[in-house]
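Going from the sequence shown to the working numbering is simple: count from 1 and add 546.
So the structure is just underneath, and the comments pick up after that.
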Amino acid sequence: MKKDNAYKQESDLPTRLSKPAQRALTNAGISKLEQVSELSVTELKGLHGIGPKAVEQLRDALEVKGLKFANN
């Protein structure tokens with residue numbers, strides 16, 4: 547449980563991301579939207595646990611911050 551709390555406190559990623567998506571990003575060393583913006587959608591989908599819903603949630607969160615996914 548403490549790991550989940552640490553994720554929420556240190557991250558600006560959407561809190562409604564599924565647990566598999568959260569783990570995929572954490573395992574890739576990603577905890578900030580700026581880091582997500584360095585990835586293309588293809589690279590992001592290559593992470594085990596990231597599906598279409600997670601991509602949409604991340605896209606929406608990026609747009610709010612004026613960011614977008616990297617180009618291929």
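Every residue, glycine too, gets a C-beta built ideally from N, C-alpha and C.
N-terminal and C-terminal residue of the alpha helix (DSSP H) that residue 572 is part of | 565-573
Is it the case that the Cβ atoms of residue 626 and residue 559 are separated by a distance below 8 Å?
-> Since the first residue shown for the chain is 547 and the last is 618, residue 626 is missing from the structure and cannot be characterised.
Is it buried or exposed for residue 582, if we count other Cβ within 10 angstroms and need 16 for buried?
-> buried
Counting only the same chain and skipping the five closest in sequence on each side, list residues whose C-beta sits under 7 Å from that of residue 576.
-> 582
Counting only the same chain and skipping the five closest in sequence on each side, list residues whose C-beta sits under 7 Å from that of residue 591.
-> 601
Under the three-state DSSP convention, the category residue 579 falls into = For residue 579, the three-state secondary structure derived from DSSP is helix.
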